[in-house]
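Asks:
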Amino acid sequence: MVRFEDVGKDYGDLTALEGATFSIPRGGIVGLLGPNGAGKTTTMRIMTGFLEPSRGLVEIDGEPFSPESVAAKRKIGYLPESAPSYSDMLAWDYLAYEARLHGVDVDSRVPEVIRLVGLESHAHMPIRELSKGYRQRVGLAHTLIHDPELLVLDEPTSGLDPNQIVEVRNLIRRIAETKTVVLSTHIMQEVEALCDRVIVIHRGRLRFDGSIEDFDAGGDTQRIRLLAGGISQTDLVKDLAALPGVRDVRVRSTDEDESSALVAVEVRAGSAEDLRPRVFHRAGERGFDIYELYRIRTSMEEVFHQLTQGETQGDQNE
Amino acid sequence: MRALFAREIKAYFETPVAWVVAVIFLVVSSLLFFSVFFLFERAEMRQFFNNLPVMLALVMPALAMRLIAEERRRGTYEILATLPLSTTDIVIAKFLALWATGVFLLVPTLVFTITVGTLGRLDPGPVLGGYFGAVLLTGVYAAIGVFTSSVSRSETVALVLGLVLSLLFALLRSFLILVPAMLVPLFEYLSLGFHFDGFTRGIIDSRSIVHFVSLAAFFLVVSERRLAAQR
Numbered sequence: 099m100v101r102f103e104d105v106g107k108d109y110g111d112l113t114a115l116e117g118a119t120f121s122i123p124r125g126g127i128v129g130l131l132g133p134n135g136a137g138k139t140t141t142m143r144i145m146t147g148f149l150e151p152s153r154g155l156v157e158i159d160g161e162p163f164s165p166e167s168v169a170a171k172r173k174i175g176y177l178p179e180s181a182p183s184y185s186d187m188l189a190w191d192y193l194a195y196e197a198r199l200h201g202v203d204v205d206s207r208v209p210e211v212i213r214l215v216g217l218e219s220h221a222h223m224p225i226r227e228l229s230k231g232y233r234q235r236v237g238l239a240h241t242l243i244h245d246p247e248l249l250v251l252d253e254p255t256s257g258l259d260p261n262q263i264v265e266v267r268n269l270i271r272r273i274a275e276t277k278t279v280v281l282s283t284h285i286m287q288e289v290e291a292l293c294d295r296v297i298v299i300h301r302g303r304l305r306f307d308g309s310i311e312d313f314d315a316g317g318d319t320q321r322i323r324l325l326a327g328g329i330s331q332t333d334l335v336k337d338l339a340a341l342p343g344v345r346d347v348r349v350r351s352t353d354e355d356e357s358s359a360l361v362a363v364e365v366r367a368g369s370a371e372d373l374r375p376r377v378f379h380r381a382g383e384r385g386f387d388i389y390e391l392y393r394i395r396t397s398m399e400e401v402f403h404q405l406t407q408g409e410t411q412g413d414q415n416e
Numbered sequence: 012m013r014a015l016f017a018r019e020i021k022a023y024f025e026t027p028v029a030w031v032v033a034v035i036f037l038v039v040s041s042l043l044f045f046s047v048f049f050l051f052e053r054a055e056m057r058q059f060f061n062n063l064p065v066m067l068a069l070v071m072p073a074l075a076m077r078l079i080a081e082e083r084r085r086g087t088y089e090i091l092a093t094l095p096l097s098t099t100d101i102v103i104a105k106f107l108a109l110w111a112t113g114v115f116l117l118v119p120t121l122v123f124t125i126t127v128g129t130l131g132r133l134d135p136g137p138v139l140g141g142y143f144g145a146v147l148l149t150g151v152y153a154a155i156g157v158f159t160s161s162v163s164r165s166e167t168v169a170l171v172l173g174l175v176l177s178l179l180f181a182l183l184r185s186f187l188i189l190v191p192a193m194l195v196p197l198f199e200y201l202s203l204g205f206h207f208d209g210f211t212r213g214i215i216d217s218r219s220i221v222h223f224v225s226l227a228a229f230f231l232v233v234s235e236r237r238l239a240a241q242r
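Chain order of the listed sequences is A and U.
Each residue of the first sequence is one higher than the last, beginning at 99 in this note's numbering.
Each residue of the second sequence is one higher than the last, beginning at 12 in this note's numbering.
#1: What's the C-alpha gap between residue 410 of chain A and residue 284 of chain A?
#2: Anyone know if the C-beta pair for residue 347 of chain A and residue 335 of chain A falls short of 8 Å?
#3: Check whether the stretch 132-142 of chain U and the stretch 198-211 of chain U touch, using three or more Cβ-Cβ pairs below 8 Å as the test.
#4: Which value, in whole angstroms, describes the spacing of the CA atoms of residue 252 of chain A and residue 139 of chain A?
#5: What is the residue span of the beta strand (DSSP E) that residue 305 of chain A lies within?
#6: Ignore the nearest five residues each way along the sequence and tell me which others in residue 223 of chain U's own chain have a CB closer than 6 Å to its CB.
#7: Along the chain, which unbroken stretches of the beta strand (DSSP E) at least 3 residues long are found entirely within the stretch 363-395 of chain A?
#8: CB residue 328 of chain A to CB residue 386 of chain A, shorter than 8 Å?
#9: What are the partner residues of residue 122 of chain A, as DSSP defines its beta bridges?
#10: 8 Å is my cut-off, CB to CB: does residue 183 of chain A come that close to chain U?
#11: Report the start-end ranges of each beta strand (DSSP E) in the stretch 175-236 of chain U that is 3 residues or longer and not cut off at the edges.
#12: Any contact between the stretch 176-185 of chain U and the stretch 123-131 of chain U? By contact I mean 3 or more CB pairs, one from each, below 8 Å.
#13: Can you tell me the Cα-Cα spacing of residue 218 of chain U and residue 181 of chain A, whole angstroms?
#14: Out of curiosity, what's the CA-to-CA distance linking residue 89 of chain U and residue 65 of chain U?
#15: Using a Cβ cut-off of 8 Å (strictly closer), state whether residue 97 of chain U contacts chain A.
#16: Only counting the same chain, and skipping five residues up and downstream in sequence, which positions put a Cβ closer than 7 Å to that of residue 196 of chain U?
#17: Per the DSSP calculation, residue 165 of chain U is bridged to which residue(s)?
#18: Residue 233 of chain A by DSSP, collapsed to three states: which one?
#19: Please classify residue 189 of chain A: does DSSP put it in a helix, a strand, or coil?
#20: Taking residue 69 of chain U and residue 105 of chain U to be in contact with their CB atoms under 8 Å, please state how far apart those CB atoms are, rounded to whole angstroms.
#21: Based on Cα-Cα distance, which residue from A/141, A/108, A/202 lies nearest to residue 122 of chain A?
#22: What are the residues of the stretch 212-234 of chain A that lie near chain U, defined by any Cβ-Cβ distance shorter than 8 Å?
#23: Give the residues from the stretch 116-144 of chain U that approach chain A closer than 9 Å (Cβ to any Cβ), ordered along the chain.
#24: In terms of residue numbering, what span does the alpha helix (DSSP H) encompassing residue 155 of chain A cover?
#25: Going by CA-CA distance only, name the one from A/302, A/241, A/375 that's closest to residue 173 of chain A.
#26: May I ask you to list the residues that DSSP assigns as paired with residue 252 of chain A?
#27: Looking only at DSSP bridge pairs, what is residue 348 of chain A linked to?
#28: According to DSSP, is residue 79 of chain U helix, strand or coil?
#29: State the Cα-Cα distance for the pair residue 73 of chain U and residue 115 of chain U, rounded to the nearest angstrom.
#30: How long is the line joining the alpha carbons of residue 206 of chain A and residue 192 of chain A, rounded to whole angstroms?
#31: By Cβ distance below 8 Å, which residues in the same chain neighbour residue 304 of chain A in space, the five residues on each side in sequence not counted?
Laid out in structure tokens, this is it:
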């Protein structure tokens, strides 16, 4: 559906996105994650034709895509952050205007979309008088009016109260049954609740692209903890660090007696590979005893933090 | 594009903007016209047309300032730009809506023509030429307005820049005394007032039409380029 190949975007001297390469197949919900200013909005703006990339190739359905690709834009529904709309218009009139712009039948499509997003009771009110939750629904209705194949939603639940968040998430889930949805967020519960796939962007570069299961499992790093005896701390660290696939070994404090000669370490892998069998075999070879060996379950927040460590650049979200 | 044009027209007429501007325009033009008309007691519209380049230069930027600047400030431009419209479509639709609104301002002034025609024998040539020129003049100011509204997110900046540019083109020939002799024909040619004068005498000069059309086209192309460059 969407393909980015080595896409970059500069704002003057500032590089907001660099070397972005990924493709999004049809169907499902893709979460675009990253700290503020990471390049999420820039990516979405390029994907929807609001911005032209400074470098690289963007394709929609195998065709090169740019802000002037009028036909391809019909396949996309875009909800910018904070769901801007013409606040002086009635919700109905606004959607009718958009339906006309897209060349779809106003009389059949507008009521259909209003029903789909649950806006029936508020359709004839000026948008400025609607609550934030209802304004968000108007925004979602705007993205759906022309029945697009791809929906791009920039922080669709930002600023909503918990009830509204649940409602909007349910709505997105319902929409994703028939369409491809790309949404940006930095709320991990949202990712967990909605997404099938995660793309993490940090400082304008892709840091992770994989399934929600891989992301949940710790992204590209696995951590295991080991409590061992019969070996010195220095030897243990040296031994484990020499194992293939190990990125680093850190000594940890133990809650054992002071007199105990046990050593606690945390081993980090350079990939998603589970290192426990390898550590177990090494213990056999070297003759040290394993008292504890377990994998650390990393919360999504921790995975996100690990992937996006380091200072962020200036916020690109205008 | 038609839907965007219709929305822009609605935005002008569903809010008090166009009506307030139209009333102010009519009241001020009436005061300026009739105060002199009864003094000279001549059945002609010259006095009204003489004031028109400056009057429209003051009014059109006020109508134009919201066109793009407001959309960019409110974030709706991001929606507009991702709809199946090219930048050219956006510029043309907004220009046509502003031009049509500007022409609407001229309609009530037909009362002057009717009044003068009732009081004396009015030569139709200068009146028809004058209104034809006024429609073209409104188009040029509309194009300038679209451009100045595309320059900044601030409507105030759009208004001030619109006033400066429109008044400059309206009053260019008033500065002829200040420019070197060799540049006089160029300044005269660029001046909207100079070309508009011809129309108000009932002369439809193709050079003047070309000038008005090319000046409007120039500002529309620059607006399109400006918006495209912001991508």
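Cβ coordinates follow ideal geometry from the N, Cα and C atoms, glycine included.
All figures in this text were calculated on a predicted structure; none of them were measured in a lab.
Replies: For this structure:
#1: Bear in mind that the predicted position of residue 410 of chain A carries a pLDDT of just 44, short of 50, making it unreliable; the figure below should be weighed with that in mind. Roughly 14 Å between the two C-alpha positions.
#2: yes
#3: yes
#4: 7 Å
#5: 303-309
#6: 147, 151
#7: 387-393
#8: yes
#9: A/100
#10: yes
#11: none
#12: no
#13: 48 Å
#14: 35 Å
#15: yes
#16: none
#17: Paired residues: none, contrary to the question.
#18: helix
#19: helix
#20: Contact doesn't hold; Cβ gap of about 20 Å is too wide.
#21: A/141
#22: none
#23: none
#24: Premise fails: residue 155 of chain A lies in the beta strand (DSSP E), 153-158, not in any alpha helix (DSSP H).
#25: A/241
#26: A/282
#27: A/364
#28: coil
#29: 15 Å
#30: 15 Å
#31: 117, 118, 119, 120, 297, 298
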